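Heads up: the structure comes next, in structure tokens.
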Amino acid sequence: MLEAQPTSFDERVSLLPFGSWGAGRPAGWFDLPMTPAKVQFYKDNGFLVVEDGADPDVLHGLIRETVALCRGERGPIKGVTPANPNESDDDVMRRYLCIHFPHKLSRVMYDALSLPAIVEVLTHVIGPNVKCMQSMLFIKASGKPGQAWHQDEFYIPTRDRSLTGAWIAMDDATVENGCLWVIPGSHKHGVLWPQHQQRDPRFDCAGEATMFPYTDADAVPVEVKAGSIVFFNGYLLHRSLPNYAKSGYRRALVNHYMSAESLLPWHWGDKPYGSIAGLDYRDIVMIAGKDPYAWKGIEERAAAHVRPSGEGGCGNIERNIEALKFRNMVLLAEDDDHDH
Ligand SMILES: O=C(O)CCC(=O)C(=O)O
Numbered sequence: 008m009l010e011a012q013p014t015s016f017d018e019r020v021s022l023l024p025f026g027s028w029g030a031g032r033p034a035g036w037f038d039l040p041m042t043p044a045k046v047q048f049y050k051d052n053g054f055l056v057v058e059d060g061a062d063p064d065v066l067h068g069l070i071r072e073t074v075a076l077c078r079g080e081r082g083p084i085k086g087v088t089p090a091n092p093n094e095s096d097d098d099v100m101r102r103y104l105c106i107h108f109p110h111k112l113s114r115v116m117y118d119a120l121s122l123p124a125i126v127e128v129l130t131h132v133i134g135p136n137v138k139c140m141q142s143m144l145f146i147k148a149s150g151k152p153g154q155a156w157h158q159d160e161f162y163i164p165t166r167d168r169s170l171t172g173a174w175i176a177m178d179d180a181t182v183e184n185g186c187l188w189v190i191p192g193s194h195k196h197g198v199l200w201p202q203h204q205q206r207d208p209r210f211d212c213a214g215e216a217t218m219f220p221y222t223d224a225d226a227v228p229v230e231v232k233a234g235s236i237v238f239f240n241g242y243l244l245h246r247s248l249p250n251y252a253k254s255g256y257r258r259a260l261v262n263h264y265m266s267a268e269s270l271l272p273w274h275w276g277d278k279p280y281g282s283i284a285g286l287d288y289r290d291i292v293m294i295a296g297k298d299p300y301a302w303k304g305i306e307e308r309a310a311a312h313v314r315p316s317g318e319g320g321c322g323n324i325e326r327n328i329e330a331l332k333f334r335n336m337v338l339l340a341e342d343d344d345h346d347h
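The numbering of the sequence shown is the working numbering, which starts it at 8 and goes up by one.
The following block contains the structure:
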């Protein structure tokens, strides 16, 4: 468990919930529809927030599904121990920091990939044809660590720099409970900064971006109300700090998207392609427009799994293969049971 109190916030930052807002919403907090000025804000800063992007029904559904996934009630998840009936939802949720690919098992999480607010923003900042390749469910109970500075394109390499995250806040996310922090404008260099292995106990991620021309003082907290959606560019430097609150969670469903025109050379280690230029991860969900590569079909390349502690980042090939094998093994065993 981490210490209850943070030690490294600088004096600019209030620990009172939404203390960073000052007199009102900071720049970049918007309603829909999108306008050229909002798109420009995103281009200049690399992020924006849409308040009420997920309505209360959607939020309740996501929270219900989070409990069901953690209890093992939506099917096999590598790393999830099915809960026994006398365990409380809290006891079960506290076991997991992050579950990758929840949309593979939960219809509600799958539907949340294409919430109207997400489609509206992404078709403005990416283009008319948008695909999703990943979802991650952060549960982050009180005491759980954050994620060190990183850029998502370091992990999910698009060919046209179109990677965009949509981070759906399921609880109010505050400085105290470990909201996102971003360095506005840091995406504009178009550079992927090298990663080093970090051992800071505040962070789960093993890797941390280095050598970038900013300091922590350039970062701003992105405190948002539950139901807000934070959109951020795949080159934007961002991190989160631990959940220092005495109780509760900082839950968020984070989905990643890109332009459907770009191939995606991601998780390809198990595929004997001739040239790196042809690599294209096809375990995708189209959320807007047309898929120019529909003729390739869709492949099953990943299964839901718990992110092992200390192995941050947006997944890796070994974990995906293990998760798929685990899921297939459980499903086969269940089939056998039914046959006998
Ligand atoms: O939600 C968090 O704590 C970190 C999320 C993140 O870094 C990401 O989605 O890339």
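Every residue, glycine too, gets a C-beta built ideally from N, C-alpha and C.
Source: prediction; values computed, not measured.
Span separating the alpha-carbon of residue i from that of residue j
i, j, result
"R71", "M140", "23 angstroms"
"G91", "P152", "This sequence places Asn at residue 91; Gly is not what is there. The alpha-carbon atoms of N91 and P152 are separated by roughly 26 angstroms."
"Q47", "E160", "21 angstroms"
"S266", "S193", "21 angstroms"
"M8", "P299", "Because the pLDDT at M8 is just 45, under 50, the model does not fix this residue reliably, and the point stays unresolved."
"V74", "T165", "32 angstroms"
"G79", "P220", "44 angstroms"
"P208", "H107", "22 angstroms"
"A11", "E183", "Because A11 sits at a pLDDT of 45, beneath the cut-off of 50, its placement in the model cannot be relied upon, and the point is left open."
"I291", "L270", "11 angstroms"
"I294", "V261", "15 angstroms"
"F37", "L104", "29 angstroms"
"K111", "M100", "19 angstroms"
"K7", "D64", "Not covered by the structure: residue 7. The range shown for the chain is 8 to 347."
"G68", "Y162", "29 angstroms"
"L66", "S282", "43 angstroms"
Per-residue burial, residue i [other beta carbons within 10 Å of its own, 16 or more giving buried]
i, result
"K253", "exposed"
"T42", "exposed"
"L76", "buried"
"L23", "exposed"
"N93", "exposed"
"R114", "exposed"
"V198", "exposed"
"W200", "buried"
"H191", "Sequence check: residue 191 is Pro here, not His. Counting Cβ neighbours within 10 Å, P191 comes out buried, since at least 16 surround it."
"P135", "exposed"
"S95", "exposed"
Do the stretch 220-233 and the stretch 172-181 meet, that is, are 3 or more Cβ pairs less than 8 angstroms apart? yes
Cβ contact check for the stretch 215-229 and the stretch 120-135: 3 or more pairs under 8 angstroms: no
Chain-ordered list of residues that sit, by beta carbon, closer than 7 angstroms to a heavy atom of ligand 1: Counting every residue whose Cβ lies closer than 7 angstroms to a heavy atom of ligand 1, we get M143, F145, K147, G153, Q154, H157, D159, G172, W174, G185, L187, H245, R246, S247, A259, V261, C321.
Only counting runs of 3 or more residues, tell me where the beta strand (DSSP E) segments fall wholly within the stretch 104-146, in order along the chain. Runs of beta strand (DSSP E) with 3 or more residues, each lying fully within the stretch 104-146, are found at 105-107, 137-145, listed in chain order.
Restricting to runs no shorter than 3 residues, where is the beta strand (DSSP E) found entirely within the stretch 154-227? 154-157, 171-176, 187-189, 202-204, 214-216
Give a yes or no on contact between the stretch 80-88 and the stretch 122-137, applying the rule of three or more CB pairs nearer than 8 angstroms. no
Hey, which unbroken runs of the alpha helix (DSSP H) at 4 residues or more fall wholly within the stretch 32-111? 43-52, 63-77, 96-100
Which residue spans inside the stretch 285-315 form an unbroken alpha helix (DSSP H) run of at least 4? none
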